[in-house]
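*Asks:* To start, I am sharing the structure in question, which I have written as structure tokens.
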Amino acid sequence: MSEAMEAARALVTRYYAAFNTGDVEGMVACLSPEVAHHVNEGGVRVGHEKFRDFCAHMNRCYAEELTDIVVMAHPDGARAAAEFTVNGRYLVTDDGLPEAKGQAYVLPAGGFFSIEGGLITRVVTYYNLADWMRQVSE
């Protein structure tokens with residue numbers, strides 16, 4: 001394994017470890033100041049402040065822990081990906097979504113990353129929204 005590949009894997013692993021402890025600033029520390037955050041089925045948010053705003057919203061509406069995390073990286077360290085399981089609880093009704101009643105959900109998901117200069121410059125998250133809607137609507 002190349003040094004660049006290992007550095008990329010370590011960076012993404014730190015990012016998800018911070019997520020799992022609710023450490024938004026720990027996540028931000030892994031990100032470039034101009035990070036492009038591509039939200040599942042949503043727009044692109046650019047920069048630390050937009051990322052913080054997104055995290056505050058998500059932490060208000062959802063309690064989530066990621067498990068079964070597997071991080072992969074390209075040998076040049078410029079790209080990485082992760083596969084994981086989202087274990088969550090829907091806490092507060094989010095705009096345009098079903099009513100929150102504390103419903104639990106479990107979703108397979110993935111993340112894709114671009115990395116430059118030891119920081120994440122792009123985060124793309126994917127999960128099956130239809131599956132999530134089905135789980136919280138039952």
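Residue numbering for the sequence shown follows the UniProt record's numbering, starting at 1 and increasing by one per position.
Yeah, the Cβ is synthetic: ideal placement off N, Cα and C, and Gly gets one too.
From a predicted model like this one, the values you see are computed outputs, not experimental measurements.
(1) Could you give the uninterrupted runs of the beta strand (DSSP E) lying entirely in the UniProt domain "SnoaL-like" (12 to 123), keeping only those of 3 residues or more?
(2) Are the beta-carbon atoms belonging to Ala56 and Leu91 less than 9 Å from one another?
(3) Output the distance between the C-alpha atoms of Gly102 and Leu129, rounded to the nearest integer angstrom.
(4) Report yes if the C-beta distance between Phe51 and Ala81 is below 9 Å; otherwise report no.
(5) Compare the Cα-Cα distances from Val106 to each of Val123, Ser32, Tyr127, Arg122 and report the closest residue.
*Replies:* Here's the rundown:
(1) 31 to 38, 44 to 46, 62 to 73, 79 to 90, 104 to 116
(2) Position 56 of the sequence shown holds residue 56. Position 91 of the sequence shown holds residue 91. Cβ atoms of Ala56 and Leu91: not closer than 9 Å.
(3) Translated into positions along the sequence shown, residue 102 becomes position 102. Translated into positions along the sequence shown, residue 129 becomes position 129. Each residue's alpha carbon lies about 17 Å from the other.
(4) Within the sequence shown, numbered from 1, the residue matching residue 51 stands at position 51. Within the sequence shown, numbered from 1, the residue matching residue 81 stands at position 81. Their beta carbons are not under 9 Å apart, which means Phe51 does not touch Ala81 by this criterion.
(5) Position 106 of the sequence shown, counted from the first residue, corresponds to residue 106. Taking only the C-alpha atoms, the option nearest Val106 is Tyr127.
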